[in-house]
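What follows is a short report on a single structure.
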Amino acid sequence: MEPVPSHPYSWRYTVSDVKLHPALDNGIKSAATDFAGGTLQCLCPTDKVEVKVDAQTLHNHACGCSKCWKPAGARFAVIAVVNRDKVSVTVNAAKLTIIDASATIQRHACKECGAHMYGRIENQNHAFHGLDFVHTELSPQTGWAAPGFAAFVSSVIETGTPPAEMDGIRERFNTMGLPTYDCLSPALMDALAAHVAKQNGVLQAS
C-alpha cells in the first residue's frame with residue numbers, strides 16, 4: 001500500500017503557538033455583573049481621544065476581515081456593538097477622521113495613532129443601523145462583554161496569513177470555546193436575512 005500523502009495545508013505548529021489577539025491569547029476575561037460601560041482611549045501617549053460608552057456591549061467577537069482595526073501583531077480584531085445613542089466623543093473629537101466614507105461601517109479613527117474609536121452605520125435601511133462598533137480593548141475599565149465567537153475567519157488569508165495555518169487557527173479558537181464562522185454568527189446572519197425579508201414584504205415586521 002502506498003503511503004497516504006500529507007495534506008498540503010497541514011498545520012506545523014502546536015495549537016498553543018497560534019497567536020490571535022492579546023485579549024484572546026492572554027486569557028479571555030469574563031463580563032462583570034451589572035457593568036454599565038466605560039471610556040475608550042486612543043493609543044496616543046498624550047492628548048488622547050476619549051469616547052464614552054454608557055452601556056455594556058453585545059455580540060463581542062473576533063473578526064478576521066481586512067477592514068476592522070487590529071493592534072500591532074494581531075491577526076484578528078476583537079469588536080463588539082452597542083446602541084449608538086450610548087456612544088459619545090468626549091475628548092479631542094477633532095483628532096478623529098473617517099477611514100472610508102463610502103464603506104457601510106464608517107470607522108472613526110485617530111489621525112495620529114490610527115486606533116479605530118468607533119464604527120457607525122449611517123444607512124438607515126441597514127439591519128444594523130443604530131448600533132455602533134467598538135473595540136473595548138481600548139478601555140482602561142474591565143468587565144466588558146467577553147468574545148463569544150470568531151467571524152470572517154478565512155478572511156485573514158486576504159491580509160497575508162498562509163492557508164496552511166488555517167486549521168491551526170480554527171483549532172485554537174475551539175480550545176478557547178469560540179465557534180468559528182466565515183461570515184457572522186448564525187444569530188446575526190438571521191437578523192440580516194430577516195431585515196431583508198421584512199423590506200421585501202415576505203416577513204411581517206414585529
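Heads up, the sequence shown is in UniProt numbering, so the first residue is 1 and it goes up one at a time. Every residue, glycine too, gets a C-beta built ideally from N, C-alpha and C. Model, not experiment: these values are computed from the prediction.
Return yes when the Cβ of residue j is within less than 9 Å of the Cβ of residue i, no when it is not.
i: residue 131; j: residue 40; result: no
i: residue 133; j: residue 62; result: no
i: residue 188; j: residue 197; result: no
i: residue 92; j: residue 199; result: no
i: residue 176; j: residue 24; result: yes
i: residue 97; j: residue 50; result: no
i: residue 208; j: residue 67; result: A query on residue 208 cannot be resolved here, the shown segment of the chain reaching from 1 to 206 and no further.
i: residue 151; j: residue 195; result: no
i: residue 109; j: residue 82; result: no
i: residue 80; j: residue 46; result: no
i: residue 157; j: residue 20; result: no
Classify residue i as helix, strand or coil using the three-state DSSP reduction.
i: residue 84; result: helix
i: residue 27; result: coil
i: residue 190; result: helix
i: residue 204; result: coil
i: residue 33; result: coil
i: residue 145; result: coil
i: residue 199; result: helix
i: residue 60; result: strand
i: residue 77; result: strand
i: residue 140; result: coil
i: residue 157; result: helix
i: residue 162; result: coil
i: residue 71; result: coil
Terminal residues of the continuous beta strand (DSSP E) containing residue i?
i: residue 50; result: 50-53
i: residue 132; result: 131-134
Evaluate residue i with the Cβ neighbour count: other Cβ atoms within 10 Å of its Cβ, from every protein chain shown; 16 or more gives buried, anything less gives exposed.
i: residue 87; result: buried
i: residue 6; result: Residue confidence for residue 6 is low, a pLDDT of 42 falling below 50, so the modelled location carries little weight; the figure read from the coordinates is stated next. With fewer than 16 Cβ atoms within 10 Å of its Cβ, residue 6 is classed as exposed.
i: residue 38; result: buried
i: residue 111; result: exposed
i: residue 60; result: buried
i: residue 18; result: buried
i: residue 183; result: exposed
i: residue 201; result: exposed
i: residue 186; result: exposed
i: residue 159; result: exposed
i: residue 27; result: exposed
i: residue 180; result: buried
Let me check one thing: in DSSP terms, what residues is residue i bridge-paired to?
i: residue 89; result: 51
i: residue 180; result: 150
i: residue 214; result: Past the edges of the chain, shown from 1 to 206, lies residue 214, and the structure says nothing about it.
i: residue 39; result: 52
i: residue 97; result: 109
I'd like the span of the alpha helix (DSSP H) that includes residue i, first residue to last.
i: residue 169; result: 166-175
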